[in-house]
Amino acid sequence: MSKSDLSRRGVLKAGAAGLATPTIFTGAAWAASHAGFTNAPEGDTVTLGFNVPQTGPYADEGADELRAYELAVEHLNGGGDGGMIPTFSSKTLEGNGILGKKVEYVTGDTQTKSDAARASAKSMIEKDGAIMITGGSSSGVAVAVQALCQEAGVIFMAGLTHSNDTTGKDRKANGFRHFFNSYMSGAALAPVLSNAYGADRKAYHLTADYNWGYTTEEAVKQATEAMGWETVNAVKTPLTQTDFSSYIAPVLQTDADVLVLNHYGGNMVNSLTNAVQFGLRDKLVNGKQFEIVVPLYSRLMARGAGANVKGIFGSTNWHWSLPDAGSQAFTRSFGTKYGFPPSQAAHTCYVQTLLYADAVNRAGSFNPCAVAEALEDFEFDGLGNGPTLYRGADHQCFKDVLVVKGKENPTSEFDLLEIVEVTPVAQVTYPPDHPQMGGAEASLGSCNPGA
Amino acid sequence: MFGLNSKDTSLLLVVAVLTLLAPFILNPFPENSDLAQFNAGYPDLMQRFVIFGIFAIGFNILFGLTGYLSFGHAAFLGVGSYAAIWMMKLLTLNVIPAIFMGIVVAGLFALVVGFVSLRRSGIYFSILTLAFAQMSYALAYSVLTPITGGETGLQIKPIDRPLLSNLEPGEIGRANLFGIEMGNSYLLNVGGWQFTFNAGYYIAAVVMLIAFYISIRIFRSPFGMMLRAVKSNQNRLNYTGLNSKPYTLAAFVISGMYAGLAGGLMVAMDTQVGPERMFWTASGEVVLMAILGGVGTLIGPVLGAGMIKYMENILSKINDAILHQWFAFMPDGLENFKVAIIHPFIGKGWHLTLGIVFMLVVIFLPGGLVEGGQRIGRLFRRKKRKDKPSPDATPAE
Amino acid sequence: MGILEVKGVNKRFGGLQALGDVNLSVAENTVHAIIGPNGAGKSTLLNCLVGKLIPDTGSVMFDGQSVLGRKPHEINQMGISRVFQTPEIFGDLTVLENILIPCFGKRDGAFRMHAFEQVFHEKSLIEKAEAILEDVNMADKKDFHSASLSRGDKRRLEMAMCLVQEPKLLLLDEPTAGMARADTNNTIDLLKEIKSKRDITMCIIEHDMHVVFSLAERITVLAQGTPLVEDTPENIKGNPKVQEAYLGESQH
Amino acid sequence: MEAIVLQVLNGLDKGSAYALIALGLTLIFGTLGVVNFAHGALFMIGAFCAVTLQRLLSLSHEVVDETRTDFLGNPLKVDVPYLADWFGVDAAQSIINWSVPLAILFSIPIMIVVGIAMERGLIKHFYKRPHADQILVTFGLAIVLQEIIKAIYGANPIPTPAPPAFTGSFDFGALIGMENIIYPYWRLIYFGFAMVIIAGVFAFLQFTTFGMVVRAGMADRETVGMLGINIDKRFTIMFAIAACVAGLAGVMYTPINSPNYHMGMDFLVLSFVVVVVGGMGSLPGAVLAGFLLGILESFASMGQVIDLLPGINQIIIYLVAIVILLTRPRGLMGRKGVMEE
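Chains as they are written, first to last, in the numbering used here: chain A, 2 to 452; chain B, -17 to 379; chain C, 131 to 382; chain D, 1153 to 1493.
The structure is reproduced here in structure tokens:
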């Protein structure tokens, strides 16, 4: 392996050897004085910060995100088969880095805690000179790091974050989300559920007792009630809960015939396992088969729950079995390198990196405000979800949403979900001031370039 | 000087000099060298060093002096943070009222928790404090979301219009001290080195020095002596006409106020609060800091805090690509071998390293890092005095 | 009227009558011993005096004030100091600090928030503490870790801690328990010396007759929780009831 | 009424796990005087014994299936367990399905070895050290153990289902004349298993000479030491037994919730609360407190209760702990002077 400078400032410093060159910066951030924005790349490299959970319960998801980032960097720098670059509708990426600068990266551990995630992101910005921060596997972290990036004047390209708040009431001018959200899950799932299970259903919600749980419950509730469903009860469960038996058992006592598990990660694995244990899926209520729904699916969760996910509906941002050229190219590229197909978290992280790089190229500058402008209302295709709009009003991507269900006969431990329906983007679009998204009060603020 | 004896004065001066020169000391490696990865002299980490130093100093006043092991101290840090950020959101972006509010609210909370918990001692006390902290965490995460922001916590938003700050419409407020923003920095390039002098760090450092000075005074005061007597023999203290209850409660509240100060400073440096700041692992962390550094010593907790934060922030950022760079000069086989050996201990494996370090320190250095330092010191002295008669019995500390 | 007046004190533990109608009067500036076989209720009585136990009925007056319902530290502040069976000292502190604590307690009361003053600035208290150490022949050990002292020194230190408070009444709970004969004699000498140097009332609970007869001016014999007799040592020596009480004990 | 019966069952079930872990913790604390923060890790290692056995039984070789393709369009490689080669596909599947019950046997020797290694290698040197040191070193050990498991098995939960024979539910209601009370077989088995283990431990302590010495040691260590009994060896054995109890609790827990590397830490704090509420050093106290807190937690999670007191389900255990410790200074059944200094 060749020896290269880790720090983007290294080259410059070597030139200044022997001289003491004090520079005073005012303003919150860290900037090279001449460029007018934080961490303006000098020399022939640019540093990106990949901030993913490496410890804690989401460590495996973080590891998958990191794989995707490394792949993206390889492709941006002209290595490998280029992945989705050839299928991407925008053609500014030529395998020569970003704006001709070679892409380097630093990694950090969010620990899925907002304090740790901010510390890690700050170290990337302050110490390593990262120009863009991306990654994460929970909405709490995404909101916290997004606010930090806004303050510091760098771009934040969110990783896996599904809460409405990220681009809803907590949206920021410097933050962008490709991943879908609770509202879209609800809007995509409701029609499929009503087709599959009928319009006359009584739903019982178990909801993780924190922000993401609230937004997801609200979204699914509204969407299904609009289809004619009735919500019997909604019970909040503590995040730290491991055994859900005492929440599942009361479901048996009601006349509910659908259980909605607004849980993610370990919570979802346990609550679903417990629900199946209690025989809910074998139950008949009012002559109808009892059903379970998981609004947000991920492959790792499906793996953790094992056979229990079979036949259970949920939504997901992307799945490797999608037939379009972009998805195929990415799956091939990722699978060849790592030996298994990518997860939705890997996909969104990869895409976010490419979108950022392309936006910089189109803007012709690393200046966050220029990049933000290039991303706003940008329409693109070929990155796996069909034609997509990066809406300028809230920095949320609008694209098709996948409704999936647990596969009956998986061929491998990665082949656990099958696509039931691709919900068209029109059905999941909402106005930027939608009440679930913080209403009229929510605002991006203005873009902050740092210096 | 400062009303301290000469030994403590010199300790304070050494700590002051080290703290003020930290931007140099923590950046020993030139920017473009492979070892620059180990540099810790960037604002965020330096701020964390001193803030967690304050937290650990405060914890040590309770645990080190009275022997009461609180397992819920992070709750006071969290409560202090929430109080501080609300102050910034509502009243002013100046950090002083925010920090002050953090101290006051944490102190009041500590008064309540301490009043109840100190009715028991030993592990029963520990579990009571743990229970209070876990309840605070659980409630802040869930039903108190309107006040705490729940999982996503609180940040300063464009809609926040503090009463005393004149912000432009749409401008997001930033924490400042009479106009000096915490993020302001001064960069000094010398040769291949780059040193960062950050306003926030120096404000926090001065606060830490004051906190450290107060803790020395407390340690050497009659009050501090009473607290050590509580740890040593509470029964005797009561039969000596002294009421141990108010002493322990006062120590608990002071220690809670230190935690609140740390919490307030955290918000001042980085305007964000999340509930996981109050989780039991955060309380456990400060216990580890104190024990790792040396319980009951003045400087130990600060060292312990520095060590844990260093590992958390530096080790976790080393990835395989960096390892390959370090060993690039080796033949490929050896390079890969070395990388494979080190791989489990860095990046995502930094917890493993942390666990091993705890075990090693506790096994071999029961007095923490301070004892390690003393042993090294003694080793040198013994070499020097080889010919002289052996030093007399160790004086009592 | 004695400095300590115990009237009609009863204390039961479940079915066991530990103290039954105890009356006791300790005259000021005397050495009063309470003796009795094991289980006679000596320690229970003592604990009732210092606030560790509260009698079911009866009154305990010290210097004209009731001690009942007061906490140990309040009773100590009234002027009762206590020496324990096994020396209770602050093992983690130095000898000098052990003495300084009661000095501060004496001067500042049960609690004072003197968190910002410095111990080493308190010159007068330190001198006072050093003087008392001189009295008990421990001046040369003032910087020792007190946990490292010999048992005899610990006993002396504990005495010094009590004396520095200038108590009106010093309670001694078997001060020579478990000591070798030589140590016992040293302790007797120490107590005699203390007594000779100042006006102090002492109340000794003791098992060892040798100690009792060397020191006491009056003796109360306790048996099965009730005072048997109270008299001068000479009279006690010849009292058949006392011998019976002790003989009765030695038979089982 | 049905709801209450169900929650009692849930409580007993949760309580079983709490009680088993607390029992082991108390055994170690009572006999060895050591506060073992690595006890949760032992529970976790037990659970991963089941995972390991499942993996061992399904050790496979790859067979290329030309008729199907994998995600890259190459011929699908199908993992065929060696067991399937030897016994046929169906028999192999049923053996693998039974890996959790089989793991009970598999885990006992492993837990004994782990327990002995931990005691001899580390804990032994900490008998005379302050509790704070014990806590720190065992906490460090717990981190190391869980990171090792994470490095091998990843951070994601791993499904380890119960044998198909036990996956159904038992119609409990029919038994007591109520409707709608069905309860999963495996949870009932877990409860029964916990009762057997608890009874076994108590019988062992009550009716064997070994147990008597240990009990005497729990009451008064010094005296027993002076009797010239080799207490060291007995300590090691007790530690191994406690490790086994924790390990078995872990093995049997796997079908209830998929095991992951931090399950030990999840239980650690709760089980400490349980031990302290029961009273430090009291075995019956630990068991009683385990079931009590389990049942209260279950009741607190009922919708009607949460509607009345929002958030009560989040804090019930800690709230109860505070109330009990304030009204009963040494927990439910604690002795005076234990861990109070």
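We treat Cβ as the ideally placed atom computed from N, Cα and C, and that holds for glycine.
A quick note: this is a predicted structure, and the numbers were derived from the prediction, not measured.
Secondary structure at residue 203 of chain B, three-state DSSP: helix, strand or coil?
As a position in the second sequence, residue 203 of chain B is number 221, starting the count at 1. Here residue 203 of chain B sits in coil by DSSP.
Please determine, among C:213, C:198, C:340, the residue with the shortest C-alpha to C-alpha distance to residue 182 of chain C.
Counted from its first residue, the third sequence places residue 182 of chain C at position 52. Of the candidates C:213, C:198, C:340, the one whose C-alpha sits nearest the C-alpha of residue 182 of chain C is C:198.
Buried or exposed: residue 1361 of chain D, going by 16 or more other Cβ atoms within 10 Å of its Cβ?
The count along the fourth sequence starts at 1 and reaches residue 1361 of chain D at position 209. The residue in question, residue 1361 of chain D, is exposed, as its Cβ has fewer than 16 Cβ neighbours within 10 Å.
Neighbourhood of residue 1175 of chain D by C-beta, 7 Å cutoff - its chain only, sequence neighbours within 5 removed
Against the fourth sequence, residue 1175 of chain D aligns to sequence position 23. The residues are 1350, 1353, 1397, 1435, 1438, 1439.
Per DSSP, which residues does residue 398 of chain A bridge with? Please list them.
Reading the first sequence from its first residue, position 397 is the one you call residue 398 of chain A. For residue 398 of chain A, which the question treats as bridged, DSSP gives the partners A:391.
Strictly under 9 Å for the Cβ-Cβ distance: is residue 183 of chain B near chain D by that measure?
Stepping through the second sequence from its first residue, residue 183 of chain B is reached at position 201. Not an interface residue.
Kindly say whether residue 348 of chain B, judged by its beta-carbon, lies nearer than 9 Å to any beta-carbon of chain D.
In the second sequence, counting from the first residue as 1, residue 348 of chain B sits at position 366. So, interface residue.
Under three-state DSSP, which class holds residue 1214 of chain D?
The count along the fourth sequence starts at 1 and reaches residue 1214 of chain D at position 62. Correct three-state label for residue 1214 of chain D: strand.
Tell me which residue opens and which closes the beta strand (DSSP E) that residue 361 of chain C is part of.
Counting from 1 along the third sequence, the entry for residue 361 of chain C is found at position 231. 356 to 361 is the span of the beta strand (DSSP E), which, as asked, contains residue 361 of chain C.
Take residue 295 of chain B as the anchor and find which of B:-2, B:154, B:-6, B:29 has the nearest alpha-carbon.
As a working mapping, residue 295 of chain B is identified with position 313 in the second sequence. Out of B:-2, B:154, B:-6, B:29, B:29 has the C-alpha closest to the C-alpha of residue 295 of chain B.
Just curious, the alpha helix (DSSP H) that residue 315 of chain A is in, first and last residue?
On the first sequence, position 314 is the one that residue 315 of chain A refers to. Annotation: residue 315 of chain A is outside any alpha helix (DSSP H); the continuous beta strand (DSSP E) that includes it extends over 314 to 317.
Measure the C-alpha to C-alpha separation of residue 349 of chain B and residue 1200 of chain D and round it to an integer number of angstroms.
Taking the second sequence and counting its residues from 1, one reaches residue 349 of chain B at position 367. Taking the fourth sequence and counting its residues from 1, one reaches residue 1200 of chain D at position 48. C-alpha separation (whole angstroms): 35 Å.
Is the Cβ of residue 379 of chain B closer than 9 Å to any Cβ of chain D?
Numbered from 1 along the second sequence, position 397 holds the residue referred to as residue 379 of chain B. Any answer about residue 379 of chain B is weak, because its pLDDT of 36 lies below 50 and its placement is not dependable; what the coordinates show is given next. Answer no: the Cβ-Cβ gap between residue 379 of chain B and chain D never drops below 9 Å.
Count the other CB atoms, across all protein chains shown, that sit within 10 Å of the CB of residue 295 of chain C; report buried if there are 16 or more and exposed otherwise.
Position 165 of the third sequence, counted from the first residue, corresponds to residue 295 of chain C. With 16 or more other Cβ atoms inside 10 Å of its own Cβ, residue 295 of chain C counts as buried.
For residue 21 of chain B, does the three-state DSSP call read helix, strand or coil?
The residue given as residue 21 of chain B occupies position 39 in the second sequence. Assignment of residue 21 of chain B by DSSP, reduced to helix, strand and coil, places it in the coil class.
When DSSP labels each residue in this structure, what does residue 1488 of chain D get in the three-state scheme?
Position 336 of the fourth sequence, counted from the first residue, corresponds to residue 1488 of chain D. Residue state, collapsed to three classes: coil.
Smallest Cα separation from residue 90 of chain B: which of B:242, B:142, B:7, B:161?
What you label residue 90 of chain B is simply residue 108 of the second sequence in a count that begins at 1. Closest by alpha carbon: B:242.
Residues that DSSP places opposite residue 195 of chain C in a beta bridge:
Taking the first residue of the third sequence as position 1, residue 195 of chain C is located at position 65. According to DSSP, residue 195 of chain C bridges with C:192.
Does any CB atom of chain D fall closer than 9 Å to the CB of residue 59 of chain A?
Position 58 of the first sequence, counted from the first residue, corresponds to residue 59 of chain A. Chain D, which has a Cβ nearer than 9 Å to the Cβ of residue 59 of chain A, makes this yes.
Run down chain B in chain order and give the residues with a C-beta less than 7 Å from the C-beta of residue 206 of chain C.
Here residue 206 of chain C refers to the residue found at position 76 of the third sequence. Under the 7 Å cutoff, chain B gives 221, 222, 223.
Would you report the Cα separation of residue 343 of chain B and residue 250 of chain B, rounded to the nearest angstrom?
By one-based count along the second sequence, residue 343 of chain B stands at place 361. By one-based count along the second sequence, residue 250 of chain B stands at place 268. A direct Cα-Cα distance of roughly 33 Å separates residue 343 of chain B from residue 250 of chain B.
Quick one: is residue -8 of chain B buried, meaning 16 or more other Cβ sit within 10 Å of its Cβ, or exposed?
On the second sequence, position 10 is the one that residue -8 of chain B refers to. Here residue -8 of chain B is exposed: its Cβ has fewer than 16 other Cβ atoms, across all protein chains shown, within 10 Å.
Compute the Euclidean distance between the alpha carbons of residue 315 of chain C and residue 366 of chain C, then round it to the nearest angstrom.
Here residue 315 of chain C refers to the residue found at position 185 of the third sequence. Here residue 366 of chain C refers to the residue found at position 236 of the third sequence. If you draw a straight line from the Cα of residue 315 of chain C to the Cα of residue 366 of chain C, it is about 22 Å long.
Rounded to the nearest angstrom, what separates residue 206 of chain B and residue 47 of chain B at their Cα positions?
Within the second sequence, residue 206 of chain B is the residue found at index 224, counting from 1. Within the second sequence, residue 47 of chain B is the residue found at index 65, counting from 1. If you take the alpha carbons of residue 206 of chain B and residue 47 of chain B, they lie about 7 Å apart.
Scan the segment 145 to 158 of chain A for residues whose Cβ lies nearer than 8 Å to a Cβ of chain B and list them as they occur along the chain.
From the segment 145 to 158 of chain A, only 145, 148, 149, 151, 152, 153 have a Cβ closer than 8 Å to chain B.
Taking 8 Å as the cut-off, is the C-beta of residue 365 of chain C nearer than that to any heavy atom in the ligand COA?
Absence of the ligand COA from the depicted structure is noted, as is the absence of any ligand whatsoever, leaving it without description.
Determine the burial state of residue 362 of chain B: buried for a count of at least 16 other Cβ atoms within 10 Å of its Cβ, exposed for fewer.
Position 380 of the second sequence, counted from the first residue, corresponds to residue 362 of chain B. Under a 10 Å Cβ-count criterion, residue 362 of chain B is classified as exposed, with fewer than 16 other Cβ atoms of the shown protein chains found around its own Cβ.
If we cut at 9 Å on Cβ distances, does residue 147 of chain B have a partner in chain A?
Locating residue 147 of chain B in the second sequence gives position 165, where the first residue counts as 1. So no, residue 147 of chain B is outside the interface.
Under 8 Å by beta carbon: chain B residues contacting residue 1482 of chain D
Start at 1 with the first residue of the fourth sequence, and residue 1482 of chain D comes out as number 330. Correct list: 106.
Kindly indicate if chain A contains any beta-carbon less than 9 Å away from that of residue 68 of chain B.
Here residue 68 of chain B refers to the residue found at position 86 of the second sequence. Interface with chain A (9 Å Cβ-Cβ cutoff): residue 68 of chain B is excluded.
C-beta neighbour in chain B for residue 1285 of chain D, strict 9 Å
Start at 1 with the first residue of the fourth sequence, and residue 1285 of chain D comes out as number 133. At a cut-off of 9 Å between beta-carbon atoms, residue 1285 of chain D makes contact with chain B.
For residue 112 of chain A, three-class secondary structure by DSSP
As a working mapping, residue 112 of chain A is identified with position 111 in the first sequence. The DSSP-derived three-state label of residue 112 of chain A is coil.
From residue 427 of chain A to residue 295 of chain A, what does the alpha carbon distance come to, in whole angstroms?
Taking the first sequence and counting its residues from 1, the one referred to as residue 427 of chain A is at position 426. Taking the first sequence and counting its residues from 1, the one referred to as residue 295 of chain A is at position 294. Cα to Cα, residue 427 of chain A sits roughly 22 Å from residue 295 of chain A.
Backbone secondary structure at residue 321 of chain A - three-state DSSP:
Within the first sequence, residue 321 of chain A is the residue found at index 320, counting from 1. Three-state DSSP puts residue 321 of chain A in coil, outside helix and strand.
I'd like to know if residue 160 of chain A contacts chain D, where contact means its C-beta is closer than 9 Å to some C-beta of that chain.
As a working note, residue 160 of chain A is residue 159 in the first sequence. Cβ-Cβ to chain D under 9 Å: no for residue 160 of chain A.
Between the C-alpha atoms of residue 357 of chain B and residue 345 of chain B, what's the straight-line distance to the nearest angstrom?
Translated into the one-based positions of the second sequence, residue 357 of chain B becomes position 375. Translated into the one-based positions of the second sequence, residue 345 of chain B becomes position 363. For the pair residue 357 of chain B and residue 345 of chain B, the Cα-to-Cα distance works out to about 15 Å.
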